[in-house]
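Report on the following structure.
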Amino acid sequence: GAVVSQHPSRVICKSGTSVKIECRSLDFQATTMFWYRQFPKKSLMLMATSNEGSKATYEQGVEKDKFLINHASLTLSTLTVTSAHPEDSSFYICSARPGTSGRGEQFFGPGTRLTVL
Amino acid sequence: SQQGEEDPQALSIQEGENATMNCSYKTSINNLQWYRQNSGRGLVHLILIRSNEREKHSGRLRVTLDTSKKSSSLLITASRAADTASYFCATSQTAGNQFYFGTGTSLTVIP
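Protein sequence lines correspond, in order, to chains B and S.
Following our numbering, the numbering of the first sequence begins with 46 at its first residue and continues without gaps.
Following our numbering, the numbering of the second sequence begins with 2 at its first residue and continues without gaps.
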């Protein structure tokens, strides 16, 4: 099956710093990628939809200036948490949809655990 | 919020028993998918059912979909300790577009 990787898998940072998380589709081209966050023992909340070469579409309540998304190529999307604070600590998961897939499949990355001290 | 709801929130059963989880959603959908997640890990896709389908099987998994009631169920038969995980349903209004996840069911299978 299609593989999606995320880097880093775990990051600890100080409050006020920015953190970049990468999401890569390893063996397919992804015209669309999605970013989710998940709090402990909670469900995944869709944050934004990232389309290659265009601006991301953010879900209601998600600060676009706080969570910067860049989808510069068909295999890479990045999420930058700017000026991170402890409340941004969460599990961030991306998914990627193959450009040729008409079946609605999405493939999920393994997630990145962010801890802001 | 377009997030669906699942019940029960937590389920504990003995190995060998069947486990049933239910998912309700709010809007019309193109498809509904079920995922499992082991603690602190990524998601594993289990099964996809389209809005024009009523039932699907995959190994020990059986999924039903009732679009009139906006609900779906996931049945795991002959459960195993390795089935212990959280299970989420996710709906998509159009093929290939955003997923909205349900609240999840935490399943514990006791050996």
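Every residue, glycine too, gets a C-beta built ideally from N, C-alpha and C.
Since the model is a prediction, treat every value here as computed from it, not as a measurement.
Taking 8 Å as the threshold (C-beta atoms), are residue 47 of chain S and residue 38 of chain S in contact?
no
Which chain S residues sit within Cβ distance under 9 Å of residue 94 of chain B?
98, 99
Residues that residue 4 of chain S contacts on chain B, provided the C-beta gap is smaller than 8 Å:
88, 90
Any chance you could list the beta strand (DSSP E) runs of at least 3 consecutive residues sitting entirely within the stretch 22-110 of chain S, in chain order?
32-38, 44-51, 56-59, 62-67, 72-77, 86-93, 100-102
Are the beta-carbon atoms belonging to residue 159 of chain B and residue 59 of chain B less than 8 Å from one another?
no
Start-end ranges of the beta strand (DSSP E) lying completely within the stretch 49-118 of chain B, minimum 3 residues
49-52, 55-58, 64-70, 75-83, 89-96, 112-118
Take the Cβ of residue 53 of chain S as the centre, count every other Cβ of all protein chains shown within 10 Å, and call the residue buried at 16 or more, exposed below.
exposed
How far does the beta strand (DSSP E) with residue 15 of chain S in it extend, from its first residue to its last?
11-15
Take residue 100 of chain S and list the residues in its own chain whose beta-carbon comes closer than 6 Å to its own, dropping the five residues that flank it on each side.
91, 93
Closer than 7 Å by beta-carbon distance: list the chain S residues that pair up with residue 151 of chain B, in chain order.
100
By alpha-carbon positions, which one of B:119, B:123, B:131, B:156 ends up nearest to residue 75 of chain B?
B:119
Cβ atoms of residue 67 of chain B and residue 83 of chain B: under 8 Å apart, would you say?
no
Could you say if the stretch 80-100 of chain B and the stretch 119-139 of chain B meet the contact criterion of at least three C-beta pairs nearer than 8 Å?
yes
Less than 8 Å between the beta carbons of residue 65 of chain S and residue 55 of chain S, yes or no?
yes
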